[in-house]
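Notes follow the structure.
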Amino acid sequence: MFGLAAGANQRWEEPRPWGEAVGVQRLNIGSRMNREAHVRFWERVGVRFPCATRPICHCTSEEQAAVLRVSLEKRFAECGLTLHPEKTKIVYCKDDDRRGAYPDQKFDFLGYTFRPRLSRRRRGKTGVSFSPAASNKALKAVRQTIRRWALHRRSDKALDDLAAMINPHLRGWINYYGRYYKSALYPTLRRIDLTLERWAARKYKNLRGHRRRARHWLERVIQRQGDLFPHWRLLWGHG
70 MFGLAAGANQ RWEEPRPWGE AVGVQRLNIG SRMNREAHVR FWERVGVRFP
120 CATRPICHCT SEEQAAVLRV SLEKRFAECG LTLHPEKTKI VYCKDDDRRG
170 AYPDQKFDFL GYTFRPRLSR RRRGKTGVSF SPAASNKALK AVRQTIRRWA
220 LHRRSDKALD DLAAMINPHL RGWINYYGRY YKSALYPTLR RIDLTLERWA
270 ARKYKNLRGH RRRARHWLER VIQRQGDLFP HWRLLWGHG
């Protein structure tokens, strides 16, 4: 668990009914954790533990999760650590097979929100699965970055120049947050097209003051150059 929280490359697997999302906060920054075997292993491969670590423990029942929480509190206290009072909670992983009621049915982890979602099953059927998608906090950070770019004011640049500027960011967001439930990204990515419409209305005289003309102009560009921006492949199916 500690290796996964420190950034180890491990494939996500569907959790069991009860999961405890644990937030860990260091009491004494200058102190070091006890040199257990797993700590020595990660130090040997060059991985250092951050000051805050958030492992996820999967349990088969609420009772087991409660016992585990007490055990973790005791063990972390011995290492000079404490569980974060707000980020530590027991979460019920609800889906089609687990339909019980519980107040906490979602948690955030590494920019994703895990919660019950409608998903497409085999043979075209739909059902509820406990799965991840980009969190609201992560998407808000993406939107803030897009606003800071102020692309609509870069009328001195060509469209190809704008693509060269922002495409590395777009690819990174799509590759990371689009791994699961890509549709959660769509509303945020559409904001880029709205900004490009404003850019076109500012750059070309015949489009100034005409948002509809600017929208039609952008649609024609997408038809001709569907691979210019990576998010167009998701939203428009080009490229």
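Numbering (the working numbering), first residue to last: 70 to 308. Beta carbons are placed, not taken as given, at the ideal position from N, Cα and C, and that holds for glycine. All values reported here derive from a predicted model rather than from experimental measurement.
Cα separation between H279 and L263? 13 Å
What is the residue span of the alpha helix (DSSP H) that D229 lies within? L228 to Y246
Helix, strand or coil: which one does DSSP assign to Y249? coil
How many Å lie between A219 and G169 at the Cα? A straight line joining the alpha-carbon of A219 with that of G169 spans about 47 Å.
Nearest-angstrom beta carbon gap, A232 and L297 [assumed within contact, 8 Å]: 5 Å
For R259, which of helix, strand or coil comes out of DSSP? Of the three classes helix, strand and coil, the one that applies to R259 here is helix, per DSSP.
Ends of the beta strand (DSSP E) at H127? I125 to C128
Just to confirm my understanding: we take Y171, look at its own chain, exclude 5 residues before and 5 after, and list those with CB closer than 6 Å. What are they? Y161
Strictly by DSSP, which residues pair up with T182? D177 and A202
Excluding the five sequence neighbours on either side, which residues of its own chain have a C-beta within less than 8 Å of the C-beta of Y245, listed in chain order? Answer for Y245: G180, listed in chain order.
Are at least three pairs of beta-carbons, each pair with one atom in the stretch 224-242 and one in the stretch 187-197, less than 8 Å apart? Segments in contact, no.
Where G196 sits in the DSSP three-state scheme: Reduced to three states, the DSSP call for G196 is strand.
Got a sec? Which residues, its chain only, sit under 8 Å from R259 by beta carbon, not counting five neighbours each side? L304
Neighbourhood of R212 by C-beta distance below 8 Å, restricted to the same chain and skipping five residues each side: T257 and R260
With distances taken Cα to Cα, identify the nearest neighbour of A253 among R277, K175, A269 and R186. R186
Smallest Cα separation from P154: which of R191, H221, V139 and K226? With distances taken between Cα atoms, P154 lies closest to V139.
For my contact list, F199 and K163 are in at a C-beta cut-off of 8 Å; report their separation, rounded to the angstrom. 6 Å
Name the two residues that bound the continuous beta strand (DSSP E) containing L150. L150 to L152
Report the three-state DSSP secondary structure of R189 (helix, strand or coil). strand
So, R190 versus H221, is the Cβ gap smaller than 8 Å? no
Alpha carbon to alpha carbon, what distance is there between G149 and S100? With a pLDDT of only 38 at S100, under 50, the local geometry of the prediction cannot be trusted, and the value read off the model is given with reservation. Distance between the alpha carbons of S100 and G149: 7 Å.
Looking at the unbroken alpha helix (DSSP H) that takes in F145, where does it start and where does it end? Here the alpha helix (DSSP H) through F145 covers E131 to E147.
In the DSSP assignment, the alpha helix (DSSP H) including R289 goes from what residue to what residue? Residue range R280 to R293 is occupied by the alpha helix (DSSP H) that includes R289.
Roughly how many whole angstroms lie between the Cα atoms of E131 and T182? 21 Å
Distance, Cα to Cα, K143 vs S224? 60 Å
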